[in-house]
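Data first, discussion second: the structure below is written as structure tokens.
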Amino acid sequence: MTEFSAFARAVHDVVAAIPEGDVMTYAEVAAEAGHPGAARGVGSVMRASEGLPWWRVVSSSLSISTDPPERQADLLRMEGWNIDPITNRLQT
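Residue numbering for the sequence shown is 9 to 100, as defined by our numbering.
In structure tokens:
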């Protein structure tokens with residue numbers, strides 16, 4: 009891992025610990041990392057980090073948050089999630 013800020017390291021640790029088959033929202037990751045309100049920062053950290061299970065982080069509406077959404081949807085389906093094909097929302 010390259011030089012990261014304390015925030016980036018905390019986000020990395022939280023995302024890396026999301027178990028297969030689970031998801032967290034960007035806001036939940038930020039809060040768990042000790043920085044509630046920094047959901048947008050979570051996305052920035054994830055874009056700059058390699059090896060994270062990025063597909064397990066979704067928007068607060070439980071929607072796929074990447075563009076294009078197909079890769080994230082495929083990875084989540086492989087972990088047992090159903091995705092609404094119209095809204096790209098996880099079906100719980």
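Just so you know, even glycine gets a beta-carbon here, dropped at the ideal spot from N, CA and C. Source: prediction; values computed, not measured.
Each residue's CA atom was taken as its position, placing glutamate 40 and aspartate 75 some 25 Å apart. Arginine 17: member of the alpha helix (DSSP H) spanning 14 to 24, first to last residue.
A distance below 8 Å separates the beta carbons of valine 37 and valine 19. Leucine 98 sits in a strand when the DSSP states are folded into three classes. Pairing valine 23 with serine 69, the inter-Cα distance amounts to about 18 Å. In the DSSP assignment, alanine 46 falls outside any alpha helix (DSSP H), carrying neither H nor E. Between tyrosine 34 and valine 50 a beta carbon distance of about 5 Å is seen, short of the 8 Å cut, so the two are scored as contacting.
Secondary structure remark: continuous alpha helix (DSSP H) runs of at least 4 residues inside the region 24 to 93, in chain order: 34 to 40, 47 to 56 and 78 to 86.
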